[in-house]
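In what follows, a structure is listed as structure tokens, so that the remarks can point back to it.
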Amino acid sequence: MEDRWLSVDEIGDYLGVKRDTVYKWIQKGMPGNKIGRLWKFKKDEVDEWVRTGGPTDNTGKDEQ
Numbered sequence: 761m762e763d764r765w766l767s768v769d770e771i772g773d774y775l776g777v778k779r780d781t782v783y784k785w786i787q788k789g790m791p792g793n794k795i796g797r798l799w800k801f802k803k804d805e806v807d808e809w810v811r812t813g814g815p816t817d818n819t820g821k822d823e824q
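Start counting at 1 in the sequence shown, then tack on 760, and there's your number in the numbering used here.
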């Protein structure tokens with residue numbers, strides 16, 4: 761499988777949350793890189809972030 765950068769929508773779909781939740785999580789330290797106006801994510805970095813605790817509160821818990 762190709763190791764490519766994912767968009768906000770793609771990472772939201774992968775995690776099962778809405779794009780607004782992804783933007784909230786970015787503010788809480790979700791790993792990603794801003795390229796111009798766009799945020800891009802590596803799936804393995806986000807997986808590790810989730811495994812080590814993810815967001816510090818329940819933001820997005822009921823936003824599916």
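Every residue gets a Cβ at the ideal spot worked out from N, C-alpha and C, and that includes glycine.
Bridge-paired residues (DSSP) for residue 798: As a working mapping, residue 798 is identified with position 38 in the sequence shown. Residue 798 pairs with 795.
Reference residue 800, options 788, 811, 782, 778, closest by Cα: Locating residue 800 in the sequence shown gives position 40, counting from the first residue. Among 788, 811, 782, 778, the Cα nearest to that of residue 800 belongs to 782.
Nearest to residue 763 (by Cα), restricted to the options 816, 789, 804, 787: If you number the sequence shown from 1, residue 763 lands on position 3. The option with the nearest alpha carbon to residue 763 is 804.
Short Cβ contact (8 Å threshold) for residue 812 with residue 788: Indexing the sequence shown from 1 puts residue 812 at position 52. Indexing the sequence shown from 1 puts residue 788 at position 28. No, the pair does not count as a contact, with Cβ atoms beyond the cut-off.
Whole-angstrom distance between residue 797 and residue 810, CA atom to CA atom: Within the sequence shown, numbered from 1, the residue matching residue 810 stands at position 50. Within the sequence shown, numbered from 1, the residue matching residue 797 stands at position 37. Taking the straight line from one Cα to the other gives about 24 Å.
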